[in-house]
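Chains A and B, in that order, are what the protein sequence lines are. Numbering-wise, numbering that gives the first Met the number 0 puts 121 at position 122 of the first sequence, and it's gapless, one number per residue. Numbering-wise, numbering that gives the first Met the number 0 puts 157 at position 158 of the second sequence, and it's gapless, one number per residue. Backbone N, C-alpha and C define an ideal beta-carbon position, used for all residues, glycine too. Here the structure is a predicted model, which is why all the values come from computation and not from measurement. Notes for the one structure printed next.
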Amino acid sequence: MKNLLVASAVLCLPAQLLASTPGTINANTFNPAVSVILDGRWSDYKDEFELPGFQVGGEAELPAQDWSWGHNELNVSATLFNQFYTSASYVFTKHDGETEKDLEEAYLETLTLGNGLTLRLGEFFSHLGYHNALHEHAWEFIEAPLLYSSLFGNHIDHEGVQIRWLAPTDSYLEFGFEAGQGSGFPGGSDQNDQSYSSYIKWGDDWSVESSWQLGLSWYDTSFSEREGGGHAHGGGGPAAVFTTQNTDSTVWGIDAVYKWAPMGNSKSQQLILQAEYFERDEDGRVNLSEDTNFFNAAYQGKQKGYYLQGIYKFKPRWKTGLRYDWIRANNRFSDLIESGVDFDEFSEDTEFDNDNPIKRWSSMISYSQPEVWRVRLQYNHLDVAGNEDDQLFLQFTLMLGAHGAHRY
Amino acid sequence: MKSLFTFLLLLALSTQVHSKVNIFACEPEWASLAKEIAGDHAQVYSATTAAQDPHHVEARPSLIAKVRRADLIFCSGAELEQGWLPLLLRSAGNKKVMPGQPGYLEAAIQVQRLDIPDTSLLTVGDVHSQGNPHVHLDPDRLLKVAGVLAQRLSRIDPEHATGFQENQRQFSRKLNRQMTEMQPILQTFKGKQVVVYHDNWLYLWDWLGINQVATIEATPGLPPSASDLKKLIQRLQKQPVDMIVISTYQNDRAAKWLAEKLNKPLIKLPYTVGGDAHSTDLASLYQQTVKLLSL
Chain A
0 MKNLLVASAV
10 LCLPAQLLAS
20 TPGTINANTF
30 NPAVSVILDG
40 RWSDYKDEFE
50 LPGFQVGGEA
60 ELPAQDWSWG
70 HNELNVSATL
80 FNQFYTSASY
90 VFTKHDGETE
100 KDLEEAYLET
110 LTLGNGLTLR
120 LGEFFSHLGY
130 HNALHEHAWE
140 FIEAPLLYSS
150 LFGNHIDHEG
160 VQIRWLAPTD
170 SYLEFGFEAG
180 QGSGFPGGSD
190 QNDQSYSSYI
200 KWGDDWSVES
210 SWQLGLSWYD
220 TSFSEREGGG
230 HAHGGGGPAA
240 VFTTQNTDST
250 VWGIDAVYKW
260 APMGNSKSQQ
270 LILQAEYFER
280 DEDGRVNLSE
290 DTNFFNAAYQ
300 GKQKGYYLQG
310 IYKFKPRWKT
320 GLRYDWIRAN
330 NRFSDLIESG
340 VDFDEFSEDT
350 EFDNDNPIKR
360 WSSMISYSQP
370 EVWRVRLQYN
380 HLDVAGNEDD
390 QLFLQFTLML
400 GAHGAHRY
Chain B
0 MKSLFTFLLL
10 LALSTQVHSK
20 VNIFACEPEW
30 ASLAKEIAGD
40 HAQVYSATTA
50 AQDPHHVEAR
60 PSLIAKVRRA
70 DLIFCSGAEL
80 EQGWLPLLLR
90 SAGNKKVMPG
100 QPGYLEAAIQ
110 VQRLDIPDTS
120 LLTVGDVHSQ
130 GNPHVHLDPD
140 RLLKVAGVLA
150 QRLSRIDPEH
160 ATGFQENQRQ
170 FSRKLNRQMT
180 EMQPILQTFK
190 GKQVVVYHDN
200 WLYLWDWLGI
210 NQVATIEATP
220 GLPPSASDLK
230 KLIQRLQKQP
240 VDMIVISTYQ
250 NDRAAKWLAE
260 KLNKPLIKLP
270 YTVGGDAHST
280 DLASLYQQTV
290 KLLSL
């Protein structure tokens, strides 16, 4: 009993010491902060995920039918000696009964370069656009906007370096430049390909209740080969392989966000309106090979899209939202080389010459215990070049532990 | 000649503007204290208004821009702003105001804090492992913070050090005189029993000798559920309660219901500078708080 008393007295000691030591600086109790996010889903839809006119890559896909695991995430972040900030996110997903893991982000960032400069090294989501840097648990809908799925494979990331500079102006004005290995979609599969992005962000308040941010972004990469996309016919025949080769890919776009909260208390009520427009120009060659037969052509692609989104938190635990997506490809082919596969077959197999727009309406309602758990119901009406589908999703997300605050 | 004079005047004015210390205060009470101590030598910005919950603030672009230009970040600290301040600091790239630098000052850390939990296990809600951070409603603790602030300002802007020290002495004298005048009323509060909505009045009670017997929030930062309220009223019917206190901006539904059930007065206090029309600075905030409590 006496031992217990001594033990508890000793345990209480640090807190007492802390209390009586003025000037102690401790910016983060949980250092490192560890958080786990579990994401369960139920889905119902008719058609598989296809975006004719776009070579689909990256993480763009639909959740599996019925019950499935989504994007389970383990995040560790820490501040080192008040000099560096580090963050690493591991993602665990399940595909056809197998667990797949992926290091989504792992970076080190300077805190004390000063003069508005910050340098980041490692693997990270690009800060281009608005939606790109958001982690999946912070998305307002179960999937990324079509624009992001089709052009970026959900998001552009870099294995490389980011340098950003915040101007010493009254309003927020930030310039960023990123360079990476370019081995991720929409880049090619070669580690030696380079990719670059740059952005300008400008934002301010209109009042304590309403704020806004505008962004302008570019992305540029060249690659020798990029695989994926189209819809390869299963069953009997030989598998068709569709690649884009020796291509320059350039992206630019604009994004705008407006947020409003009564009295500036976004915890209670908030309206968020956002819109983004991006277009991508590609110049290279396409190749479809089936066994020893192939089709090859010069390709000039122009793909673009936008989305408009409104989210309204009408009570602290309730959110509802509406989103409209629109994307369209316009790809031209010349210098056709046919060897056993002709353009019609290429077109039928890949649908890469489709230039009808793809449209989607999404609506959702969610109920949550903020930062702990969330249930979300979402309905989509999809129009893929005239082919319509209705999609229904139910998502349950559990957030355990402490993770870093979310960006604006 | 006249234009030369105008030019020189403008030049003088512009250099004066540049030489001002840029203070980014997280809450209105610290903005007000910064104005008292820095006087004309600083430009003070408050990141939040009295109407905002300082636990939950959006890391807006405008706030990042303000931190970028700040010479001093002056906040409650003790984790009150941990949901947004670390993100602002990380985004602004301003070396001067990073934790550990003279340009970073946490007020609550400068004084003895109450309610320091002895674990930092996972808990739900706005719980602070470094103790209760809402320290400004105790004038003694506030004056201690004022002293540290004057020292910090002197380090940041040595040229005006004497001015800061003088302002601090004057402010201290003014507040002490006010407290002496209020002493007879203050005596009457001793031993009163109070129920509050959120745990942000501890230091006021510590100053006035009032006992806080319950909080309406069962989990800090989350509204009480029906069963929480049922349990609360069962408990409170068995013990004496003199009044129920909430801030002008807290949701008063549960408090109103409780006040009616217990048949006790519900008092709405300004909590911080700007919390009501009378509380325009710290001295008037104390004046108004004491006046409302003694009604």
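(1) Kindly list the residues whose CB is nearer than 6 angstroms to the CB of A/Asn329, restricted to its own chain and excluding five residues on each side of it in sequence; keep chain order.
(2) Is it buried or exposed, B/Gly208, if we count other Cβ atoms within 10 angstroms and call 16 or more buried?
(3) Measuring only the C-alpha atoms, how far is B/Ala41 from B/Ala33?
(4) By Cβ distance, which residues of its chain are closer than 6 angstroms to A/Ile162, with the 5 residues on each side in sequence left out?
(5) Can you name the residues that DSSP bridges to B/Leu71?
(6) With three or more beta-carbon pairs closer than 8 angstroms as the criterion, would you say the segment 52-71 of chain B touches the segment 79-90 of chain A?
(7) Skipping 5 residues on each side, what residues in its chain have a beta carbon closer than 8 angstroms to that of B/Gly190?
(8) Determine the DSSP secondary structure at A/Ser188, reduced to helix, strand or coil.
(9) Taking only beta-carbon atoms, is A/Lys266 less than 7 angstroms away from chain B?
(10) Examine chain B for any beta-carbon lying closer than 7 angstroms to the beta-carbon of A/Gln390, and answer yes or no.
(11) Looking at A/Ala77 and A/Asn153, is the spacing between their C-beta atoms short of 7 angstroms?
(12) Taking B/Leu185 as the reference, which of B/Leu291, B/Thr214, B/Gly146, B/Glu80 has the closest Cα?
(13) Could you tell me the boundaries of the alpha helix (DSSP H) in which B/Gln167 lies?
(14) So that I know if they touch, is there some Cβ in chain B lying closer than 7 angstroms to that of A/Gln408?
(15) I need the DSSP call for B/Ile115, collapsed to helix, strand or coil.
(16) Can you name the start and end residues of the beta strand (DSSP E) that A/Leu127 belongs to?
(17) So which of A/Phe222, A/Trp205, A/Ile199, A/Arg225 has the shortest CA-CA distance to A/Leu215?
(18) Under DSSP, the beta strand (DSSP E) around B/Gln287 begins and ends at which residues?
(19) Drop a sphere of 10 angstroms on the beta-carbon of A/Gln419, count the other beta-carbons inside from all chains shown, and report buried for 16 or more, exposed for fewer.
(20) Report, in whole angstroms, the separation of the C-beta atoms of B/Tyr270 and B/Ser246, which I expect to be a contact under 8 angstroms.
(21) Check A/Gln390 in the structure and name its three-state DSSP category.
(22) I need the boundaries of the beta strand (DSSP E) containing A/Trp41, first residue and last residue.
(23) Rounded to a whole number of angstroms, what is the C-alpha to C-alpha distance between A/Ser125 and A/Leu107?
(24) With a 10 Å radius around its C-beta and 16 neighbouring C-beta atoms as the bar for buried, classify B/Ser90 as buried or exposed.
(25) Would you say B/Lys19 reaches chain A, if we count a Cβ-Cβ gap shorter than 7 angstroms as a contact?
(26) Quick one: list the residues of chain A neighbouring B/His55, beta-carbon separation under 8 angstroms, in chain order.
(27) Which bits of chain A does B/Ser246 rub up against, with CB to CB less than 8 angstroms?
(28) Residues of chain B with CB under 7 angstroms from A/Tyr482, in chain order?
(29) Would you identify the three-state DSSP class for A/Lys258, choosing helix, strand or coil?
(30) Hey, out of A/Glu370, A/Val383, A/Gly385, A/Glu347, whose CA is closest to A/Ala401's CA?
(31) Look up B/Ile245 in the DSSP assignment and give the residues it is bridged to.
(32) For the segment 206-222 of chain A against the segment 123-139 of chain A, do three or more pairs of beta-carbon atoms, one drawn from each stretch, fall closer than 8 angstroms, so that the two count as touching?
(33) A/Asn264 to A/Lys258, Cα distance in whole Å?
(34) On the three-state DSSP scale, how would you describe B/Arg151?
(35) What are the boundary residues of the beta strand (DSSP E) that A/Thr349 is part of?
(36) Can you name the start and end residues of the beta strand (DSSP E) that A/Leu307 belongs to?
Answer, in terms of the structure:
(1) Lys301, Asp354
(2) exposed
(3) 8 angstroms
(4) Once the five neighbours on either side are set aside, the close Cβ partners of A/Ile162 are Leu118, Phe176.
(5) B/Ile22
(6) Touching, no, given that fewer than three Cβ pairs across the two stretches are closer than 8 angstroms.
(7) Gly208, Ile209, Asn210
(8) A/Ser188 carries a coil assignment under DSSP once its states are collapsed to helix, strand and coil.
(9) yes
(10) no
(11) no
(12) B/Leu291
(13) 160-186
(14) Given that chain A is displayed from residue 0 to residue 407, the structure contains no residue 408 of chain A and the question cannot be resolved.
(15) Coil, per DSSP.
(16) Unbroken run through A/Leu127: none, as it is neither H nor E.
(17) Measuring from the Cα of A/Leu215, the nearest candidate turns out to be A/Ile199.
(18) Careful: B/Gln287 lies outside any beta strand (DSSP E), inside the alpha helix (DSSP H) at 281-292.
(19) The structure shown does not extend to residue 419 of chain A, since chain A spans only 0 to 407, so no value can be given for it.
(20) Yes, B/Tyr270 and B/Ser246 are in contact; Cβ-Cβ is about 4 angstroms, under 8 angstroms.
(21) strand
(22) Run containing A/Trp41: 32-43, per the beta strand (DSSP E) assignment.
(23) 14 angstroms
(24) With 16 or more other CB atoms across the displayed protein chains lying within 10 angstroms of its CB, B/Ser90 is buried.
(25) no
(26) In chain order: Asn264, Ser265, Lys266.
(27) In chain order: nothing, as chain A lies at least about 13 angstroms away.
(28) Absent from the structure is residue 482 of chain A, since the part of chain A shown begins at 0 and ends at 407.
(29) Strand, per DSSP.
(30) Of the candidates A/Glu370, A/Val383, A/Gly385, A/Glu347, the one whose C-alpha sits nearest the C-alpha of A/Ala401 is A/Glu370.
(31) B/Lys267
(32) yes
(33) Inter-residue distance for A/Asn264 and A/Lys258 is about 11 angstroms (C-alpha atoms, whole angstroms).
(34) helix
(35) A/Thr349 -> not in any beta strand (DSSP E); alpha helix (DSSP H) instead, spanning 342-349.
(36) It spans 292-314 - the beta strand (DSSP E) in which A/Leu307 sits, taken as one unbroken run.
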